[in-house]
Every structure is written in C-alpha cells, then in structure tokens.
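Student: Here you go, one structure.
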Amino acid sequence: MLYKLLYRFTPYWFGFNVFRYVTVRTVLATLTSLFITIIFGKNTINALRHLCHPNMLNFRQESKDKIPTMGGLLILGSILISTFLWADLKNTYVLLLVLLSIWLASFGFWDDYIKLKQQSHKGLRPLVKILGQIGIGFIVGLILYYHPALSFNTSVYMPFLKNVVFPLGAYYILFATFLIVATSNAVNLTDGMDGLAIASVLMVALTYGAISYVVSNVKFAGYLNVPYIRGAEEVTVFSGALIGASLGFLWYNCYPAEIFMGDTGSLMLGGIIGLLAIIVKQELSLIIMG
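My numbering applies: residue 23 is where the sequence shown begins, and numbers increase by one.
Here is the structure:
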C-alpha cells in the first residue's frame, strides 16, 4: 500500500502521479522482490544450511546432499513484501493470491520440517497434503463463484479458437479446485532439479502477467477477443512480484544449486500458477505451458 501513500503527494509534485499506473507499480514490484531475494539470499541459505544438517538430506542425490531446502520461505517473503508495498490490498484477486500463497507454503513448510526432524524423505502424510490443497482450492472456488462484487465468469475458453466456450456454472468450483491441486503437485514434482522448477514458474508468470494486463483493459480485451476481467490489473502487479522473486531465487538455484525451494516453495508456486490461470481465464492454456 506504499504506492497509495506516495500518490497522495501528487499535489506537491506531479512526479508522484506515476504511482497510479499499473505498469510502473509492476516494475517496482518486480525490482523490489528481486532485490529482497538477492540481498537476503545468502543469509537465508546459511541459516537453512545450519538448520538442515546434511545427514538429514541424504535421500537426495549424492552431489546435492548438503544443499538446504525450505528456500520457498525466501520466495514467499519477497512476494508478500513486494505485494504489500505496490499492489492494492483491497483487490479480491490479490487477497486470494496472498491467502493461497500463505496456505500452501504453510503445508509445504510443515512437510519439509517433518522430513528434517525425522531425517527422512517421508514427510507429511500424502492424504493430509492433498486435503490441504483441496481445501484452499475449494475455498478459492467458492469465493470466486459467490463473491457479489466479482461477477466472476465461470466459463472455460478454448485457446486460439473463437467462440468455443464451455459454461460450467457451479461446477466451476470443482474445476478450480482440481486445477489448483494439479498445478501445485506438478511444480512439486520438478523441485530438486537445478533451476528447472523456478525457471518454469518464471516463464509462466511472465505469460500470465502479460495476459492479466491485457484482459484488465476493455479496449485490449475487445481487440484480442478475450474476456474482459475487471480488477485483473492488480494481478499484473502480483505477477511482477512473483517474477522478481523467481529471478532472484534462480540466481541461487541454477546449476550448481545452493538452495532448493522444497515443498514450501513448490506447492505454493504451483498453486499460484493455477490461480493465475483461473483469474485471467486461461485455464486450458496450462496444458500448453505445462
């Protein structure tokens, strides 16, 4: 919400007027999360390395047995701080993204912590983990469907095909739940390979960030024949925070990796990708990008 405070100074200097533009705030959100991740990355790695005794990670490849996990905490912190500074926290879509991020990161951290304490690759019981994912997915679906101010479009659009639409109605709640669970687990499967998970998330975040900007503009949406989504411009700012955090984390996660995001990050990032696709009405495009 820092941008609102700065914007109030516009009468004193016209330069503060730039903070009302989504593009400016998106760039600032990207840079903020990028610098936070890079600046605090080393200290986070050292703290996690001290916490994660090497012997507790011997289920990984031999060359990676000393690499700490739980790096998702760094990503989460960077995204949240940047979002709180530059996005409109009254926007329902932003609040849903923040809620989902904290929820899934909490379950992921719980899973990572159990692995750490038990010195085993067996963490949280699969049933508990999947119920946690289903829970937040169902909550998100309910809010999108029933929130009176959203008037959310519950149709699914076929990419690249004009007027091919699948109206789901109340069944969209179940569809949204399935999508969030699926993407959360999909990213979770790729963690542990140097740079693969975060690089994939980065590319998808760039794509959905651009799409959210387009669909939030009536003229752009009409010209490109995509559904207009009121309020989606703030999703662009959140996507910028995600992009910056991903770039910063990639610096430490690319080969040779110094840190892994663990379930703390992978469950969260996968869920975010799923929710972004839902908000910008590009659910089926995940098949192409995934």
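Beta carbons are placed, not taken as given, at the ideal position from N, Cα and C, and that holds for glycine.
How should Asn-247 be labelled, buried or exposed, when 16 other C-beta atoms within 10 angstroms of its C-beta is the threshold for buried?
Tutor: Locating residue 247 in the sequence shown gives position 225, where the first residue counts as 1. Asn-247 should be labelled exposed.
Student: Can you tell me which of the three DSSP states Pro-33 falls into?
Tutor: Counted from its first residue, the sequence shown places residue 33 at position 11. Residue state, collapsed to three classes: coil.
Student: Any beta carbon from chain D within less than 8 Å of Asp-133's own beta carbon?
Tutor: Absent here is chain D; the protein component of the structure consists of one chain.
Student: Between which two residues does the beta strand (DSSP E) carrying Phe-188 extend?
Tutor: Indexing the sequence shown from 1 puts residue 188 at position 166. Start and end: 187–189.
Student: Taking the straight line between their C-alpha atoms, what separation do you get for Ile-281 and Thr-59?
Tutor: As a first step, residue 281 is located in the sequence shown; it is residue number 259 there, counting from the start. As a first step, residue 59 is located in the sequence shown; it is residue number 37 there, counting from the start. Cα to Cα, the separation comes out at about 12 Å.
Student: Three or more C-beta pairs closer than 8 Å, one from the segment 228–240 and one from the segment 252–261: is that the case here?
Tutor: yes
Student: Output yes or no for whether 8 Å exceeds the beta carbon distance between Leu-126 and Met-290.
Tutor: Within the sequence shown, the letter at position 104 stands for residue 126. Within the sequence shown, the letter at position 268 stands for residue 290. The answer is yes: Cβ separation under 8 Å.
Student: Check the DSSP bridge columns for Ser-177 and list the partner residues they point to.
Tutor: Locating residue 177 in the sequence shown gives position 155, where the first residue counts as 1. Answer is Pro-189, bridged to Ser-177.
Student: Thr-48: which of Gly-296, Trp-108, Val-162 and Leu-149 sits nearest, CA to CA?
Tutor: Stepping through the sequence shown from its first residue, residue 48 is reached at position 26. Put simply, of Gly-296, Trp-108, Val-162 and Leu-149 the residue whose alpha carbon is nearest the alpha carbon of Thr-48 is Trp-108.
Student: Measuring only the C-alpha atoms, how far is Leu-50 from Thr-199?
Tutor: The residue labelled residue 50 in the question sits at position 28 within the sequence shown. The residue labelled residue 199 in the question sits at position 177 within the sequence shown. For Leu-50 and Thr-199, the distance between alpha carbons rounds to 32 Å.
Student: Under the assumption that Gly-292 contacts Ser-206 (Cβ atoms under 8 Å), give the Cβ distance between them as a whole number of angstroms.
Tutor: Position 270 of the sequence shown holds residue 292. Position 184 of the sequence shown holds residue 206. With 8 Å as the limit, Gly-292 and Ser-206 qualify as a contact, their Cβ atoms being about 4 Å apart.
Student: If you scan the segment 221–254 from start to end, which runs of the beta strand (DSSP E) of 3 or more residues do you find wholly inside it?
Tutor: none
Student: So what does DSSP say about Val-10, is it helix, strand or coil?
Tutor: Residue 10 is absent from the model: the chain starts at 23 and stops at 312.
Student: On a Cα-Cα basis, can you pick out the residue from Glu-256, Tyr-274, Gly-270 and Ile-310 that is closest to Tyr-43?
Tutor: Residue mapping note: residue 43 aligns to position 21 of the sequence shown, counting from 1. Closest in C-alpha terms to Tyr-43, from the list Glu-256, Tyr-274, Gly-270 and Ile-310, comes Glu-256.
Student: Should Lys-151 be labelled buried (16 or more other beta-carbon atoms within 10 Å of its own) or exposed?
Tutor: As a position in the sequence shown, residue 151 is number 129, starting the count at 1. Buried, because 16 or more other Cβ atoms sit within 10 Å of the Cβ of Lys-151.
Student: Taking the alpha helix (DSSP H) that Pro-148 belongs to, which residues open and close that run?
Tutor: On the sequence shown, position 126 is the one that residue 148 refers to. Where Pro-148 is concerned, the enclosing alpha helix (DSSP H) stretches over 148–168.
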